[in-house]
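Protein chains in written order, with the numbering used here: chain A, 516 to 977; chain B, 392 to 673. Built from N, CA and C at the ideal position, the CB exists for glycine as well. Values in this document were obtained by computation on a predicted structure and should not be read as measured data.
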Amino acid sequence: MPNMNLKKTAMPEQDAKERAANFKEVALGYEEAMALEEASRCLNCKHQPCVAGCPVNVQIPEFIELVKKGDFLGAYAKIRETNSLPAVCGRVCPQETQCEERCVRGIKGEPVGIGRLERFVADYAMAHGEAPARTAPSNGKKVAVIGSGPAGVTCAGDLAKLGYEVTIFEALHTPGGVLSYGIPEFRLPKELVRREIEGVCKLGVELKTNMVVGKCVSLDELMQEEGYSAIFIGTGAGLPSFMRIPGENLSGVYSANEFLTRINLMKAYQFPETDTPVRVGKSVAVVGGGNVAMDAARCAKRMGAENVYIVYRRSEAEMPARREEVHHAREEGIDFRLLCNPVAIHGDEKGFVTCVDCVEMELGEPDASGRRRPVVKPGSEFTLQVDTVVIAIGTSPNPLIRNTTPGLKTEKWGGIIVDEHGKTSREYVYAGGDAVSGAATVILAMGAGKIAAAAIHEKLSK
Amino acid sequence: MYRILKKRTLSPNVKLMAVDAPHVAKKALAGQFIMLRVDETGERIPLTIADYDRQTGAVTIIFQEVGKTTKLLGTLEEGDSLADFVGPLGVPSHFEGVKHAAVIGGGLGTAIAYPQAKALKEHGAKVDMIVGFRNRELIMLEDEFAAASDRLYVATDDGSNGRKGFVSDVLRELLEAGETYDLVVAIGPVMMMKVVSDLTRPYGIRTVVSMNSIMVDGTGMCGCCRLTVGGETKFACVDGPDFDGHQVDFDEALRRGAMYRKEEAESLGRHVCRLTGEVRNA
Numbered sequence: 516m517p518n519m520n521l522k523k524t525a526m527p528e529q530d531a532k533e534r535a536a537n538f539k540e541v542a543l544g545y546e547e548a549m550a551l552e553e554a555s556r557c558l559n560c561k562h563q564p565c566v567a568g569c570p571v572n573v574q575i576p577e578f579i580e581l582v583k584k585g586d587f588l589g590a591y592a593k594i595r596e597t598n599s600l601p602a603v604c605g606r607v608c609p610q611e612t613q614c615e616e617r618c619v620r621g622i623k624g625e626p627v628g629i630g631r632l633e634r635f636v637a638d639y640a641m642a643h644g645e646a647p648a649r650t651a652p653s654n655g656k657k658v659a660v661i662g663s664g665p666a667g668v669t670c671a672g673d674l675a676k677l678g679y680e681v682t683i684f685e686a687l688h689t690p691g692g693v694l695s696y697g698i699p700e701f702r703l704p705k706e707l708v709r710r711e712i713e714g715v716c717k718l719g720v721e722l723k724t725n726m727v728v729g730k731c732v733s734l735d736e737l738m739q740e741e742g743y744s745a746i747f748i749g750t751g752a753g754l755p756s757f758m759r760i761p762g763e764n765l766s767g768v769y770s771a772n773e774f775l776t777r778i779n780l781m782k783a784y785q786f787p788e789t790d791t792p793v794r795v796g797k798s799v800a801v802v803g804g805g806n807v808a809m810d811a812a813r814c815a816k817r818m819g820a821e822n823v824y825i826v827y828r829r830s831e832a833e834m835p836a837r838r839e840e841v842h843h844a845r846e847e848g849i850d851f852r853l854l855c856n857p858v859a860i861h862g863d864e865k866g867f868v869t870c871v872d873c874v875e876m877e878l879g880e881p882d883a884s885g886r887r888r889p890v891v892k893p894g895s896e897f898t899l900q901v902d903t904v905v906i907a908i909g910t911s912p913n914p915l916i917r918n919t920t921p922g923l924k925t926e927k928w929g930g931i932i933v934d935e936h937g938k939t940s941r942e943y944v945y946a947g948g949d950a951v952s953g954a955a956t957v958i959l960a961m962g963a964g965k966i967a968a969a970a971i972h973e974k975l976s977k
Numbered sequence: 392m393y394r395i396l397k398k399r400t401l402s403p404n405v406k407l408m409a410v411d412a413p414h415v416a417k418k419a420l421a422g423q424f425i426m427l428r429v430d431e432t433g434e435r436i437p438l439t440i441a442d443y444d445r446q447t448g449a450v451t452i453i454f455q456e457v458g459k460t461t462k463l464l465g466t467l468e469e470g471d472s473l474a475d476f477v478g479p480l481g482v483p484s485h486f487e488g489v490k491h492a493a494v495i496g497g498g499l500g501t502a503i504a505y506p507q508a509k510a511l512k513e514h515g516a517k518v519d520m521i522v523g524f525r526n527r528e529l530i531m532l533e534d535e536f537a538a539a540s541d542r543l544y545v546a547t548d549d550g551s552n553g554r555k556g557f558v559s560d561v562l563r564e565l566l567e568a569g570e571t572y573d574l575v576v577a578i579g580p581v582m583m584m585k586v587v588s589d590l591t592r593p594y595g596i597r598t599v600v601s602m603n604s605i606m607v608d609g610t611g612m613c614g615c616c617r618l619t620v621g622g623e624t625k626f627a628c629v630d631g632p633d634f635d636g637h638q639v640d641f642d643e644a645l646r647r648g649a650m651y652r653k654e655e656a657e658s659l660g661r662h663v664c665r666l667t668g669e670v671r672n673a
């Protein structure tokens, strides 16, 4: 008999007050009994609507059936058939708009906690010796993957399983892309990212860090001189946007990329045990309403800021951040200043931020994105006293690859142009993830990596 | 890991290292830099590529021991390894068509100016090199500078060797004496580059400065190294580090350069042994 409880089995969490002072993971994950209880809510539908909602098509009912039997390692192997990073996806996917949105149980009550179960299975496998993944014998063909974020790692893993000799080129000293430098430890522990990528390397993928493709080596050299038959570009959208308002170059104004890279990748939260500093004052304004803004605000709180403001020009309904993240941020005491926009930042005589001038906004007619356009409310100027400002209004693709690859077509805003199989305007060159779409989600990048891997395989098998 | 092939002490606090990094050596050009990290808890710091050997794969860096990371780096010996060494980064310098150049270096900047002078000579330009140090003990690479220039002027702040005064004083005298240049390259402390740029502006001499902003990744993903050039925000790591000295907002660069002074002192304080003055690696 299925468990007909209308609610998901609750997942334990660190207490809000306690966790706002540490970088340990907020959600603690299911224990075995909880996982069994939640798995028994799955009806094992014949038409499997949940699978179609997953960009990498994890065989959801199958793996949950294995969980029901207590075969957690079997469930892990089932997920790994299509998903290289289950411990990551179980944590950071917006399941509410993907697999879980389509779950039949969600029609009346809450959907099955697919993400929570995926996370449980991956964590269990890591703790109890994961089953080795199967790979085909080498076919002798070399493929280069540029970037070790979710798109690149997924593409590399899929190609390795098919027998290709894959090399990933990563510009930073640590692989993972946004999983390592962007998403904070308290949402996605870095040790886990490291182990999950190691798992992909165990399939025979070679990882070269400190390699800035476009500087150290060009795409053409990789193909002509180093013998790569095809290339996948998964370089993401790492170029930060600034607001172009007065005072943006004052000391204490950060792009979210810089703020989060210092804290997550360079572990500035452990300074001076680690060598990279970050300046977080008593009061911090984070500008923006996406997941990156929530991450930056919650990091600032954990670094000891007393007042942390989210300054967002639209209302809560338009916020691109996940509901769960907004909820967590609120619980931790983040102060939301919605329908507000900064217009100028001021500093002291030494150039350090002292305050930010804002205006209040009203929502007008819908714009091109379908969201109601914010308009300045006349006479609504006010000032927030802050000593740190973090700009989290978005990113675009880094121009390095497109500037050094003749014939690679891109959109005006920098995104690489591809067909539905991830093929670019250059023969044997594929791309996917944020480098194509602009900043999106981890799982969409993984889906794009998977599609490109299949297309590369088809192209090279001819 | 990147092995240290050679180490040389140039002056009491300035050291030269050749590091085994073939993929950097293969592509490096004058004006470019690398980012390095000494160990797993280390920070990433930018250093200019002082020389490279495409055959052996060695890349030379020269650094002054000014804080925790550079002091720690200075304790490493030949055969030791660095955790990370990435490059070449930044835009190479452009010297096409230059006939008569003045290359000006201050302090450690002299070592960074040296490959620029060499590159200019290779382009067939006549090169005057003006190098400045606080005192005689700090003078370094004098033979190399002499070889890379047609005329070499050495200045010391206290007059303990060479002529007394700043590099800008030497340049001022040369300009006032009617010397003409089609390019001035200034590399060193921000204040020196500002003074030189102010000096050449009325003469309309193209003046290139190499900006030493604070950097984290060095690949254009964070904007930490941003500065204002001609009223626009630029990233030193990808748009530079060379910029038109007449367009740079040096006062802003000076303020941003001092942003972590307190934290830098704290980090150094924690790592220097109070008894011996040596840097501990922990």
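Among the bridge pairs identified by DSSP, residue 897 of chain A is matched with A/873. Here residue 878 of chain A carries a strand assignment [DSSP, helix/strand/coil]. Using beta-carbon distances, residue 743 of chain A does not count as an interface residue toward chain B, since no partner is under 9 Å. Per DSSP, residue 588 of chain B is one residue of the alpha helix (DSSP H) stretching across 581-591.
At a cut-off of 9 Å between C-beta atoms, residue 418 of chain B counts as an interface residue with respect to chain A.
DSSP places residue 394 of chain B in the uninterrupted beta strand (DSSP E) bounded by 393-402. For the pair residue 544 of chain B and residue 513 of chain B, the Cα-to-Cα distance works out to about 20 Å. When the five nearest sequence neighbours on each side are left out, the beta carbons in the same chain lying within less than 8 Å of the beta carbon of residue 939 of chain A are those of 748, 923, 924, 931, 932, 933, 945, 946, in order along the chain.
Comparing alpha carbon positions, the residue from B/506, B/542, B/503 closest to residue 518 of chain B is B/542. Between the beta-carbon of residue 863 of chain A and that of residue 798 of chain A there is about 14 Å, and that puts the pair past the 8 Å contact cut. Straight-line spacing of the CA atoms in residue 651 of chain A and residue 676 of chain A works out to 6 Å. Residues of the same chain with their beta carbon placed closer than 7 Å to that of residue 652 of chain B are lacking, with the five preceding and five following residues left out of the count. Per the coordinates, the alpha-carbon of residue 927 of chain A lies some 17 Å from the alpha-carbon of residue 750 of chain A. Among the residues of chain B, none has a CB under 8 Å from the CB of residue 806 of chain A; the nearest is roughly 17 Å distant. Our two residues, residue 972 of chain A and residue 834 of chain A, have alpha carbons roughly 39 Å apart in a direct line. In this structure residue 458 of chain B touches residue 659 of chain B by the C-beta definition: roughly 5 Å separates them, less than 8 Å. In the three-state reduction of the DSSP assignment, residue 530 of chain B falls in the coil class, being assigned neither a helical nor a strand state. Taken in chain order, the members of the region 671-689 of chain A whose beta-carbon sits within less than 8 Å of a beta-carbon on chain B are 686, 687, 688.
Taking 9 Å as the cut-off, the beta carbon of residue 674 of chain A is found closer than this to the beta carbon of residue 968 of chain A. For residue 754 of chain A, the beta-bridge partners assigned by DSSP are A/911. DSSP, reduced to helix, strand and coil, places residue 861 of chain A within a strand of the structure shown.
Between residue 664 of chain A and residue 694 of chain A, the C-beta gap is smaller than 9 Å, which places the two residues in contact. Burial check for residue 737 of chain A: the Cβ neighbour count within 10 Å reaches 16 or more, so the residue is buried. For the pair residue 872 of chain A and residue 897 of chain A, the CB atoms are nearer than the 9 Å cut-off. Within the model, the alpha-carbon separation for residue 408 of chain B versus residue 524 of chain B is close to 21 Å. For residue 850 of chain A, the beta-bridge partners assigned by DSSP are A/824. For residue 411 of chain B, the enclosing beta strand (DSSP E) begins and ends at 405-411. The beta-carbon separation of residue 890 of chain A and residue 877 of chain A, rounded to 5 Å, stays under the 8 Å limit for a contact.
Note on geometry: alpha-carbon atoms of residue 451 of chain B and residue 629 of chain B lie some 21 Å from one another.
Just so you know, the alpha carbons of residue 569 of chain A and residue 534 of chain A end up roughly 31 Å apart. Inclusion of residue 496 of chain B and residue 423 of chain B in the CB contact set at 9 Å is not warranted, their separation being larger than that value. Residue 801 of chain A sits in a strand when the DSSP states are folded into three classes.
The beta carbon of residue 465 of chain B sits closer than 7 Å to the beta carbons of 406, 456 from its chain, once the five residues preceding and following it are set aside; these are given in chain order. Proximity of residue 460 of chain B to chain A, defined by a Cβ-Cβ separation below 9 Å, is satisfied. Taking 9 Å as the threshold, the shortest C-beta distance from residue 531 of chain B to chain A does not fall below it. Residue 904 of chain A is outside the set of residues whose beta carbon lies under 9 Å from a beta carbon in chain B.
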